[in-house]
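Under our numbering, the sequence shown has 75 at position 68, and the numbering climbs by one with no breaks. All C-beta atoms, glycine included, are put in the ideal place defined by N, C-alpha and C. This report concerns only the one structure given below.
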Amino acid sequence: MLTKIKDFLSDIKDPVQQEHYTRLIATLLEKGYFPGLAGVPVARSGISHIDGKKGILTYRGYPVQELAEHCSYEDICFLLLNGDLPLPDERDEIREDLLKHKRISNKIGQVIAAMDKDLHPMYMLSASVLLLQSKDQACFNVDYYNQNLQRAIRLIAKFPTILGIFKTKDPDFGRDKNFVAYSQYCLYAFNPELADEKKWVDIFQQILVLHADHTMNNSTFSVRAVGSSKASIYASISSAINSLSGPLHGGANERVIRMLEEIGSPERVEEFVDNKLESKEKIMGIGHRVYRTYDPRSLILKEKILPQIFNNGNGAVVDEDLRKLYEIACRVEEVVLDRLSGKRIYPNVDFWSGLVLKAMGIDPSFFTTVFALGRIMGWTSHWVEHMEVKSRIFRPYQLYDGFNDRHIILDPDDEIINKLGK
Ligand code: COA
Numbered sequence: 008m009l010t011k012i013k014d015f016l017s018d019i020k021d022p023v024q025q026e027h028y029t030r031l032i033a034t035l036l037e038k039g040y041f042p043g044l045a046g047v048p049v050a051r052s053g054i055s056h057i058d059g060k061k062g063i064l065t066y067r068g069y070p071v072q073e074l075a076e077h078c079s080y081e082d083i084c085f086l087l088l089n090g091d092l093p094l095p096d097e098r099d100e101i102r103e104d105l106l107k108h109k110r111i112s113n114k115i116g117q118v119i120a121a122m123d124k125d126l127h128p129m130y131m132l133s134a135s136v137l138l139l140q141s142k143d144q145a146c147f148n149v150d151y152y153n154q155n156l157q158r159a160i161r162l163i164a165k166f167p168t169i170l171g172i173f174k175t176k177d178p179d180f181g182r183d184k185n186f187v188a189y190s191q192y193c194l195y196a197f198n199p200e201l202a203d204e205k206k207w208v209d210i211f212q213q214i215l216v217l218h219a220d221h222t223m224n225n226s227t228f229s230v231r232a233v234g235s236s237k238a239s240i241y242a243s244i245s246s247a248i249n250s251l252s253g254p255l256h257g258g259a260n261e262r263v264i265r266m267l268e269e270i271g272s273p274e275r276v277e278e279f280v281d282n283k284l285e286s287k288e289k290i291m292g293i294g295h296r297v298y299r300t301y302d303p304r305s306l307i308l309k310e311k312i313l314p315q316i317f318n319n320g321n322g323a324v325v326d327e328d329l330r331k332l333y334e335i336a337c338r339v340e341e342v343v344l345d346r347l348s349g350k351r352i353y354p355n356v357d358f359w360s361g362l363v364l365k366a367m368g369i370d371p372s373f374f375t376t377v378f379a380l381g382r383i384m385g386w387t388s389h390w391v392e393h394m395e396v397k398s399r400i401f402r403p404y405q406l407y408d409g410f411n412d413r414h415i416i417l418d419p420d421d422e423i424i425n426k427l428g429k
């Protein structure tokens, strides 16, 4: 057996893959299973790639830095769904499609508008995606690539409308408004006042592009797992939104701002971080399953986007409370790097993104929906890709460690007298 394993490993030519499989086998030998499925390959995909050691993220082979600097939402949407960047005509066409299909029926709009304002926006979003199914009775047939692509674009197009309806309680939100670009509409859904300012639309677009895809993360895995049962795009994307809502995934951006507010001043950072580490609590916005160096998306936010907002030299005018949060964040980064860089743990994308969104006047409870508005491009691309492969339904294995050999015991009156655990 051991010889077979050694032969298998030595047959792998790529040293990175070889190291990867060696680690996997070691985990299996040590623990008997793969906690959190860490490192377990579950699908083949050509959509995005991460080199966690070098801190490189690519979409369809292009570095995310170049895409964020030069491409529009429409470009990335086309790239992820189709595999190549669009030609000018194709860009116009996808923009037209996205803006044309933003409309939601008044009936569904009324249901979304009537949802309790205290419902968390992520739960509202996942419920609303399911509601859209009623207008797509053919969605259960998932076997046609072109129809799947169209469904993806129509669903993406409706995301800002859902958010706008919920925020404004207007079931016809955005209906009679015209937009030059889809990202302008996206920002309009969160803050109509900023949507006419190119600087903010560009920044918002970059944020969406940075979140567009990220290999087999928890929510993308959910898309694939649900989709592997041939469930519709609505069921799959709604599940992904639920997964993203968790604080260990996309929900971290909201918690980071709340954490910075709780810390209150740069002077309190050291004590806060040390207390968290001592009590083995996670510091929000720090660490990543894959990156063992600085997350490239996080670097773009820190070095390119945040200075546009907070650098006085740029003539930036920022509310004092927000500037203070920024200073606290910078100090948290310093202290965390000092205490944790031995573990190769760095600030992730959620650490910095909340500050940008807050500067745009977006309420923290909506932060993760911005993440979703970017990631919907990746989720739908993975769903479309998954429908193309003849894969088996996802069905992993569990190690059973429960009771065996238990039986119902009845008393003379036929009442059950079993006690839990006996
Ligand atoms: N704060 C403090 N310690 C952390 C940490 C954090 N945010 N993230 C990881 N660590 C520690 C772990 O406790 C572990 O310590 P140990 O070796 O002493 O047990 C070590 O660093 C390695 O952790 P790792 O295996 O890299 O983490 P993971 O893959 O299990 O979890 C996350 C990854 C993202 C879930 C985790 O880093 C986390 O919870 N971060 C905070 C939430 C967050 O920002 N999520 C958004 C991710 S984009």
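Query                                                                                                                                                              : Result
Out of G116, T387, L308 and N225, state which residue places its alpha-carbon closest to the alpha-carbon of F358.                                                 : L308
K107: beta carbon under 7 Å from a heavy atom of the ligand PLP?                                                                                                   : For the structure depicted, the ligand PLP is absent and the ligand set comprises only the ligand COA.
Please list the terminal residues of the continuous beta strand (DSSP E) segment that includes Y66.                                                                : I63 to Y66
Can you tell me whether L9 is buried or exposed, with buried defined as 16 or more other CB within 10 angstroms of its CB?                                         : exposed
Would you say the beta carbon of M430 is closer than 7 Å to some non-hydrogen atom of the ligand COA?                                                              : Residue coverage of the chain in this structure runs from 8 to 429, which leaves residue 430 outside it and unanswerable.
Spatial neighbours of F173 within its chain, please: CB distance less than 6 Å, with the 5 preceding and 5 following residues excluded, ordered by chain position. : I119 and M131
So what does DSSP say about P273, is it helix, strand or coil?                                                                                                     : helix
Kindly indicate the opening and closing residues of the beta strand (DSSP E) around I57.                                                                           : S55 to D58
Pick out whichever of D220, G181, T222 and H221 has its Cα sitting closest to the Cα of A202.                                                                      : G181
Quick one: any contact between the region 165-179 and the region 105-116, if contact means 3 or more CB pairs under 8 Å?                                           : yes
Taking DSSP as the reference, what is the three-state secondary structure of Y298?                                                                                 : coil
Where I264 and R330 are concerned, what is the direct C-alpha to C-alpha distance, given to the nearest angstrom?                                                  : 12 Å
Starting from H389, trace the alpha helix (DSSP H) both ways and give me its first and last residue.                                                               : F374 to E395
Does the beta-carbon of T470 have 16 or more other beta-carbons within 10 angstroms, so that it is buried, or is it exposed?                                       : For residue 470 there is no data in the structure shown, the boundaries of the chain being 8 and 429.
Do T376 and L170 have their C-beta atoms closer together than 8 Å?                                                                                                 : yes
For the ligand COA, any of its heavy atoms closer than 7 Å to the Cβ of K350?                                                                                      : yes
Considering Cα atoms alone, identify which of G258, Y189, I160 and G59 is closest to Y241.                                                                         : I160
What residues match up with L417 in a beta bridge as DSSP calls it?                                                                                                : I423
Which term fits H221, buried or exposed, when burial requires 16 or more other beta carbons within 10 angstroms of its beta carbon?                                : buried
At a cut-off of 7 Å, would you count A259 as near the ligand COA, judging by its Cβ distance to the nearest heavy atom?                                            : yes
Check whether the Cβ of H393 lies closer than 7 Å to any heavy atom of the ligand COA, and answer yes or no.                                                       : no
Within the present structure, is the beta-carbon of L255 separated from the nearest heavy atom of the ligand COA by less than 7 Å?                                 : yes
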